[in-house]
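Colleague:
2 protein chains.
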Amino acid sequence: MRQYFPTERQSASNRTPRQINRNLILNLVRKQQPISRADLARTSGLQRSTVSLIVEDLIADKLVVEGPTGRLPRGRRPTFLQLNSQRAVLALDIHPEQVTLAVSDLGGKIIAQKLLDIPESSRSVGAIVTAIKRVIAEHKQKSFDGIGVCLPGRTDPILEQAIFAPNLHFPVRDIRGRIAKATGLRVEMDNVANACALAEVWFGESDGMHDLVVVNVSEGIGTGILANGRLLRGDSGMAGEFGHVQLDRDGPLCGCGNHGCWETLASNRAALRHYAESGGSPNGVSFTSLLSLAHAGDPIAIATLEWMSTNLGRGLRMITTALAPKEIVIVGDVTTAWYRFGPMIEEEMRRNSLNTNSILRPAYDGGLARLRAAVALVLNSGALQEPASVA
Amino acid sequence: MRQYFPTERQSASNRTPRQINRNLILNLVRKQQPISRADLARTSGLQRSTVSLIVEDLIADKLVVEGPTGRLPRGRRPTFLQLNSQRAVLALDIHPEQVTLAVSDLGGKIIAQKLLDIPESSRSVGAIVTAIKRVIAEHKQKSFDGIGVCLPGRTDPILEQAIFAPNLHFPVRDIRGRIAKATGLRVEMDNVANACALAEVWFGESDGMHDLVVVNVSEGIGTGILANGRLLRGDSGMAGEFGHVQLDRDGPLCGCGNHGCWETLASNRAALRHYAESGGSPNGVSFTSLLSLAHAGDPIAIATLEWMSTNLGRGLRMITTALAPKEIVIVGDVTTAWYRFGPMIEEEMRRNSLNTNSILRPAYDGGLARLRAAVALVLNSGALQEPASVA
DNA sequence: TGACTTTGCTCATGCTGTAGACTAATTTCG
DNA sequence: CGAAATTAGTCTACAGCATGAGCAAAGTCA
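Chains as they are written, first to last, in my numbering: chain A, 20 to 410; chain B, 20 to 410.
In structure tokens, the structure reads:
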């Protein structure tokens, strides 16, 4: 039996079952395509006749198309159903050092990807808008359902306007509104960690409910918390600031005014500072080059990254103790050296820890993770739940 | 428009709207009784005719009864609807030092309450079962929908069997099964913090979604996390162990094997240890007597409780930073001296904190909080969602 | 070729909420 | 006092939806 909660305040109409089932079928197609109507009926528990009607709707709404005919050991051949590859979503990943724009289908498959070549001096929202318009023009045959934007730092509660993103080198005020106005598309914006958490829901392989925490290790540390399969936003959208929990009362000064926040001990920036303080040379090195130095055998770089790994593990221990998520997913440059530092991070996380069941892993598809996360923002916004506004 | 999530895996039938709406109406009656059908229609957004049909069902299922006639400035008088006071729930609060048993109606109103007088020497599940049977016999005219049990310590993931409750002075293994077998009733069991969190959902006044954290300060410290109005259980039901997050690497040894866990610095037991170490006399004092001593002006007791308050605030700061809940609710003996130590706790919580919006407050109805929490466990289990098994 | 299997569609049925009409009850105003 | 207005609660025709049995289509296998 379904379970209902007193927090549910919306009444249901006689069309509610169709909405629920339509969504269920669409998600099954998304995750298991190609798939026949009969298999959809078996998987969903609905009658074949009901599935046929719903599929008819989905085809009319151009969300799903009939594909090739399948083959079975016995009986009539099934007609496979697939997502309509004409429908697409734009994904914009704003990173302190680079901006990436991609085109994805509704299944999260990245079709085209482009590193925006915007000169340091002329970084602006306008340049991004121009690039978006060009990409849309290049994919005239596609019908776009929205633009997902993921960026470092925090977005405001309603995700509408200003953003606090001190590491971005261009003004991002009202980036959402300007893109929406210029393109006429739905724009969904959130920080990287939240977006990656949603990507696990929409594209991840695990079934059922998800309890997981995504930790984005970048200039700072941000986390996205998925509770019962839904994003935990908290008051004013400020949930997930584990990066600003104090781990060390005498630690370095943090931008937030405290001393010894987790991100002053385990972020990329923390590592660079520690490297400089340990006598590493020359100054002005980036985190990726720090990884290269370690790979090449630089002892100070190695010691720095080990220091960072231990501190990462300490903070993760706090998370697994406090929330006991099924999984903790790490996103960020440090994952490119996971083979080397992952075990050290995990060892520290499990040290003396009450909960040792949380699985720790780097995000799948390193480079694509943030782009798929941006796509997930659009899907999660309910863009496909309405009976198709676009032809 | 409703929003659906890909984590929803259950299909809907044509009876689903009725289930949803029936639940909605029942909850409105629970929270706003006495209330007329017309008001239910206005509040729920359903048609008056639909509400009438649903109410007819609820009356047939003996969940709701018609009450007195109301009075309005104009027009026909409404018929008020109320919860059927014949339906009841048993609430069992197992505390280290005492066991309380109560009878509640479905609205969470405690009808009868009894401190079980079980001699220290003969504390056993059997004695509790006997007491339960007697109370059921004393309320023969009531129809019981279940028994909610809240206790310190952890219950296992599926809430079925063994419990880790080192502070309880009698064996609690399979308490659930034994009570269920002896009474034939549905038994729902969970730890105090989780139960109190659910009580906020079922009996709290705030509307809409709830993001809150309940902190139970007792022998140890346990927390219940409510995310999007649902309990965050985490892997193996171990979520909420903020009490075992390390705040002080050189702190006292904790039962979990770590040093300086939050609960070694801010629990009742921590206060008692600190009191003894500060030269407080005599040994063997209880926490409530420590509060009395402070009230009477004992300087060591005062200093101890101030030390505890500061440490409580430190841990709460971690919670508000990490989760940014709308509210943080404190449960435990310390709330009886909230007028004195609450401000100190809150001041420390907000010190240098990123998120200063979380509201901090003690649980309402101090003494009744845990009993209503036990009732909430039964309601949350869906006991009323089936078309009434009991006559 | 004929028995069997599987897919996908058709259709009668029952459950549900909707919207408006209708009855009942009560106050206000002429 | 009586008509109009107002509000509560019920009744009825209707449309959306899932169900499940039945059926044709399309294949396999003996």
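Glycine included, each C-beta is placed from N, C-alpha and C at the ideal position. All values reported here derive from a predicted model rather than from experimental measurement.
Counting only Cβ-Cβ distances shorter than 8 Å, please list the residues of the segment 139-161 of chain B near chain A, keeping chain order.
Modeller: Per Cβ criterion, the list is empty.
Colleague: For the segment 231-240 of chain B against the segment 287-294 of chain B, are there 3 or more C-beta pairs whose distance is under 8 Å?
Modeller: Touching, yes.
Colleague: Determine the DSSP secondary structure at A/K152, reduced to helix, strand or coil.
Modeller: Here A/K152 sits in helix by DSSP.
Colleague: Could you tell me the distance, in whole angstroms, from the CA atom of A/G165 to the CA atom of B/T69?
Modeller: So the alpha carbons of these two residues sit roughly 38 Å apart.
Colleague: For B/K133, which residues does DSSP report across the bridge?
Modeller: Its beta-bridge partners are B/L120.
Colleague: On a CA-only basis, which of A/D269, A/C280, A/W326 is nearest A/H263? Give me that one, please.
Modeller: Ranking the options by Cα distance to A/H263, first place goes to A/C280.
Colleague: Measure the beta-carbon distance from B/L102 to B/Q117 and round it to whole angstroms, keeping in mind my assumption that it falls under 8 Å.
Modeller: With 8 Å as the limit, B/L102 and B/Q117 do not qualify as a contact, their Cβ atoms being about 29 Å apart.
Colleague: A/R380 bridges to which residues according to DSSP?
Modeller: According to DSSP, A/R380 bridges with A/V348.
Colleague: With C-beta atoms as the reference, is A/R359 less than 9 Å away from A/I129?
Modeller: No, the pair does not count as a contact, with Cβ atoms beyond the cut-off.
Colleague: At a Cβ threshold of 9 Å, is B/S32 touching chain A?
Modeller: It does; some Cβ of chain A falls within 9 Å.
Colleague: In terms of residue numbering, what span does the beta strand (DSSP E) encompassing A/Q101 cover?
Modeller: Per DSSP, A/Q101 belongs to the beta strand (DSSP E) from 98-102.
Colleague: Whose C-beta lies closer than 7 Å to the C-beta of B/W357 among residues of the same chain, with five residues either side of it excluded?
Modeller: Answer for B/W357: P381, listed in chain order.
Colleague: How many angstroms separate the CA atom of A/E80 from the CA atom of B/K50?
Modeller: According to the sequence shown, residue 80 of chain A is Asp rather than Glu. So the two alpha carbons sit approximately 41 Å from each other.
Colleague: Where does A/L170 sit, in a helix, a strand or coil, going by DSSP?
Modeller: A/L170: strand per DSSP, three-state reduction.
Colleague: Which chain B residues sit within Cβ distance under 7 Å of A/P344?
Modeller: Within 7 Å Cβ-Cβ: G253, D254.
Colleague: Is the Cβ of B/C215 closer than 9 Å to any Cβ of chain A?
Modeller: Not closer than 9 Å to any Cβ of chain A, the Cβ of B/C215 fails to qualify, so no.
Colleague: Between A/S104 and A/R90, what straight-line distance do the alpha-carbon atoms span, to the nearest angstrom?
Modeller: Each residue's Cα considered, the two are about 23 Å apart.
Colleague: Flag this pair as yes or no: are the beta carbons of B/T375 and B/T339 separated by less than 9 Å?
Modeller: For B/T375 and B/T339, yes; Cβs fall inside 9 Å.
Colleague: With distances taken from CA atoms, which of B/L272, B/G145, B/N210 is nearest B/L250?
Modeller: B/L250 has its Cα closest to that of B/N210, out of B/L272, B/G145, B/N210.
Colleague: Against A/S19, what residues of chain B qualify as contacts under a CB-to-CB distance less than 7 Å, listed in chain order?
Modeller: Any question about residue 19 of chain A goes unanswered here, given that chain A covers just 20 to 410.
Colleague: Could you please give the first and the last residue of the uninterrupted beta strand (DSSP E) stretch that includes B/M208?
Modeller: 206-210 is the extent of the beta strand (DSSP E) around B/M208.
Colleague: Inspect the beta-carbon positions of B/L125 and B/R106 and report whether they are closer than 9 Å.
Modeller: Cβ atoms of B/L125 and B/R106: closer than 9 Å.
Colleague: Counting Cβ pairs closer than 8 Å, one from the segment 210-226 of chain A and one from the segment 396-406 of chain A, do we hit at least three?
Modeller: Yes: at least three Cβ pairs fall under 8 Å.
Colleague: When you compare the CB positions of B/F99 and B/P53, do they come within less than 9 Å of one another, or not?
Modeller: Cβ distance < 9 Å, so B/F99 and B/P53 count as in contact.
Colleague: Which same chain residues, not among the five before or five after A/G316, have their C-beta less than 6 Å away from its C-beta?
Modeller: Counting only Cβ-Cβ distances below 6 Å, and skipping sequence neighbours, we find nothing.
Colleague: Kindly provide the ranges of any alpha helix (DSSP H) runs that are 4 or more residues long and lie completely inside the segment 237-311 of chain B, ordered along the chain.
Modeller: The segment 237-311 of chain B contains these whole alpha helix (DSSP H) runs: 282-285, 287-296.
Colleague: Could you tell me which residues DSSP pairs with B/N235 in its beta bridges?
Modeller: Looking at the DSSP assignment, B/N235 forms a beta bridge with B/G241, B/V350.
Colleague: Based on the DSSP output, what are the partners of B/I113 in its beta bridges?
Modeller: B/V118.
Colleague: Are any of the Cβ atoms in chain A nearer than 9 Å to that of B/G259?
Modeller: So yes, B/G259 belongs to the interface.
Colleague: Which residues does DSSP pair with B/T88 in a beta bridge?
Modeller: B/T88 pairs with B/T98.
Colleague: Can you give me, in chain order, the residues of the segment 269-291 of chain B that have a beta carbon less than 7 Å from any beta carbon in chain A?
Modeller: Hits within the stretch, in order: C275, G276, N277.
Colleague: Exposed or buried, what is A/R67 when buried is set at 16 or more other beta-carbons lying within 10 Å of its beta-carbon?
Modeller: Per the 10 Å Cβ criterion, exposed.
Colleague: Considering just the uninterrupted stretch of the alpha helix (DSSP H) at A/P362, what are its terminal residues?
Modeller: Note, A/P362: alpha helix (DSSP H), 357-369.
Colleague: How would you write the range of the alpha helix (DSSP H) that B/P318 sits in, first residue to last?
Modeller: 318-342 is the span of the alpha helix (DSSP H), which, as asked, contains B/P318.
Colleague: On the CB-based measure, 16 or more other CB atoms within 10 Å of its CB, does B/P362 come out buried or exposed?
Modeller: Classification of B/P362: exposed, given that the 10 Å Cβ count is below 16.
Colleague: So with CB distances below 7 Å, who are the chain B contacts of A/N371?
Modeller: Within 7 Å Cβ-Cβ: G276, N277.
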